[in-house]
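In the numbering used here, the protein residues as written are 42 to 194.
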């Protein structure tokens, strides 16, 4: 079973009225990196608004470290969709599905992934993780601002 955290524009440090931006993804990814250490990121089904540079296939493709993810996404004005999956860099992605789609069921088998971040139709980010994931520690800044909660399935 997985838990989900839906993050909207008003939940971020600066509420621009726009969600699924590159800098917002960077903020989420940096929080994962700070808590867990070195992370390898994979992505699938990525569609940035009016930009290229991402494979739109459903196959998970390795992006690399958090620094690589930041470099590739920070300037994206907005993601229409996308799945970003984090694995500890000390592990090999085992039991992870080979393909991922933004609208996959939230109870999908994450294998040994730490977390999955999905950009939904320029509306919100959905953070999917096992029920025992320490959401309030990893994303402390979100919970301190308030107006957000984890939903368990």
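Glycine residues also receive a C-beta, built at the ideal position from the N, C-alpha and C atoms.
- Item | Contact check, residue 172 vs residue 43, beta carbons under 8 angstroms | yes
- Task: In angstroms with no decimal places, state the Cα-to-Cα distance between residue 108 and residue 183.
- Result: 22 angstroms
- Task: Please go through the same chain and pick out, in chain order, the residues whose beta-carbon is closer than 6 angstroms to the beta-carbon of residue 110, but skip the five residues on each side of it.
- Result: 70, 82 and 104
- Return the CA-CA distance between residue 156 and residue 99, expressed in angstroms with no decimal places. 17 angstroms
- Message: Let's see if you can read the secondary structure: which residues bound the alpha helix (DSSP H) around residue 66?
- Response: 63 to 77
- Where does residue 187 land, buried or exposed, given buried means 16+ other C-beta within 10 angstroms? exposed
- Compare the Cα-Cα distances from residue 159 to each of 179, 72 and 120 and report the closest residue. 120
- Message: For residue 128 and residue 67, what's the separation of their Cα atoms in angstroms?
- Response: 16 angstroms
- Task: Would you mind working out which of 174, 170 and 164 sits nearest residue 125, comparing C-alpha positions?
- Result: 170
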